[in-house]
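**Student:**
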Amino acid sequence: MSYILAALKKSEQEREQLEAAASSEQASMPVDFMGTASLPPASSAINLTSRSLIVSYALAVVVLSSLFAYLLVKPTPAPITAPTLHSAPAVLEQPIADDTAAEIPVVSEQEIKTVKVTKADAQIGTIAEVKVETEAVIEPKTVIEPEVVVETQPDIEVIGIEQASDSLLDQMPDLVITSHIYSSQAKRRSIVVNGERLAEGDFVVGQIQVKEITHQGMVLKVKNSLLAVNRSRGWNR
Numbered sequence: 120m121s122y123i124l125a126a127l128k129k130s131e132q133e134r135e136q137l138e139a140a141a142s143s144e145q146a147s148m149p150v151d152f153m154g155t156a157s158l159p160p161a162s163s164a165i166n167l168t169s170r171s172l173i174v175s176y177a178l179a180v181v182v183l184s185s186l187f188a189y190l191l192v193k194p195t196p197a198p199i200t201a202p203t204l205h206s207a208p209a210v211l212e213q214p215i216a217d218d219t220a221a222e223i224p225v226v227s228e229q230e231i232k233t234v235k236v237t238k239a240d241a242q243i244g245t246i247a248e249v250k251v252e253t254e255a256v257i258e259p260k261t262v263i264e265p266e267v268v269v270e271t272q273p274d275i276e277v278i279g280i281e282q283a284s285d286s287l288l289d290q291m292p293d294l295v296i297t298s299h300i301y302s303s304q305a306k307r308r309s310i311v312v313n314g315e316r317l318a319e320g321d322f323v324v325g326q327i328q329v330k331e332i333t334h335q336g337m338v339l340k341v342k343n344s345l346l347a348v349n350r351s352r353g354w355n356r
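As numbered in the working numbering, residues 120 to 356 make up the sequence shown, in order.
1. Give a yes or no on whether the C-beta atoms belonging to I332 and R316 are separated by under 8 Å.
2. Could you check how far apart the C-beta atoms of V295 and G353 are, in whole angstroms? I think they sit under 8 Å.
3. What does DSSP give as the partner residues of V180 in its beta bridges?
4. Whole angstroms is fine: what's the gap from E319's alpha carbon to I263's?
5. From L172 to A140, what does the alpha carbon distance come to, in whole angstroms?
6. Mapping the DSSP letters down to three states, classify K342 as helix, strand or coil.
7. Expressed to the nearest angstrom, what Euclidean distance is found between the alpha-carbon atoms of P160 and T168?
8. Mind listing, in chain order, the continuous beta strand (DSSP E) runs of no fewer than 3 residues lying wholly within the segment 310-335?
9. Less than 8 Å between the CB atoms is what I'm expecting for A347 and I300, so what's the real figure, rounded?
10. Using a Cβ-Cβ distance cut-off of 8 Å, determine whether A283 contacts chain D.
11. With 16 other CB atoms within 10 Å as the buried threshold, where does L339 fall?
12. Does any heavy atom of the ligand FMN sit closer than 7 Å to the C-beta of L183?
13. Can you list, in chain order, the residues of its chain with a C-beta nearer than 8 Å to that of G325? Leave out the 5 residues immediately preceding and following it.
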């Protein structure tokens, strides 16, 4: 487009120059006696030349613009791809067996039935043998659990200290109880006997043990006997 505009400007400048030259020549031309200026033949030739130049430039502009528009609108051709050639699968020639080369033996229906029954019997026999062998291998193991012997101790009756035998009472010292604390929790129970604070499991003296602290007092274990002692009375020999 820049080339086209430059050509148009150039043709316009040449036309203006030609017109300026023609006007200057006409102004300097002498006037005849009739008062009309005589036009030389050169001015008409110049006008024809300028007109032909303008027409040629206009035609060139039209041709170039149409060519440029065609190049813009023309679609780009798609690339031509060469067709892919697929190779034909190779055909393997196999020799045709001659019918006369081998003879096919004809088997009767009776023989076929016999063969089928024989195979079935053989399979059943094999399965039966396998089952018998597996049953023979698996042997149940009997686990003998040891007998747990639970020794039950006879319940010892708790009796009052006054009802104890003389042999037990001879071992008993005087028992003076000055304090007694009972709780639902065994570790919080305590009793003060002869000025000494004792808990369940403690020994008063010798083999005399505080077996339990009760609401009323305590239970003493002497050998295999349980003797109840009241907290308010204690025991005096």
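No residue lacks a Cβ here, since even glycine has one placed at the ideal position from N, Cα and C.
**Tutor:** The relevant details are as follows:
1. No. Outside cutoff.
2. Rounded, the Cβ-Cβ distance is 5 Å, consistent with contact.
3. None, per the DSSP bridge assignment.
4. So the two alpha carbons sit approximately 42 Å from each other.
5. In this structure, the alpha-carbon of L172 lies about 16 Å from that of A140.
6. K342 falls in the coil class under three-state DSSP.
7. In this prediction, P160 has a pLDDT of 49, which is less than 50 and means its spatial position is unreliable; what the coordinates show is noted afterwards. Approximately 13 Å, taken between the alpha carbons.
8. Within the segment 310-335, the complete beta strand (DSSP E) runs of at least 3 residues are 315-317, 322-324 and 327-332.
9. Between A347 and I300 a beta carbon distance of about 18 Å is seen, past the 8 Å cut, so the two are scored as non-contacting.
10. Here chain D cannot be found, since the structure has a single protein chain.
11. By the neighbour-count rule (16 or more Cβ atoms within 10 Å), L339 is buried.
12. With respect to the ligand FMN, the structure offers nothing, as it holds no ligand at all.
13. Cβ within range, chain order: Q290.
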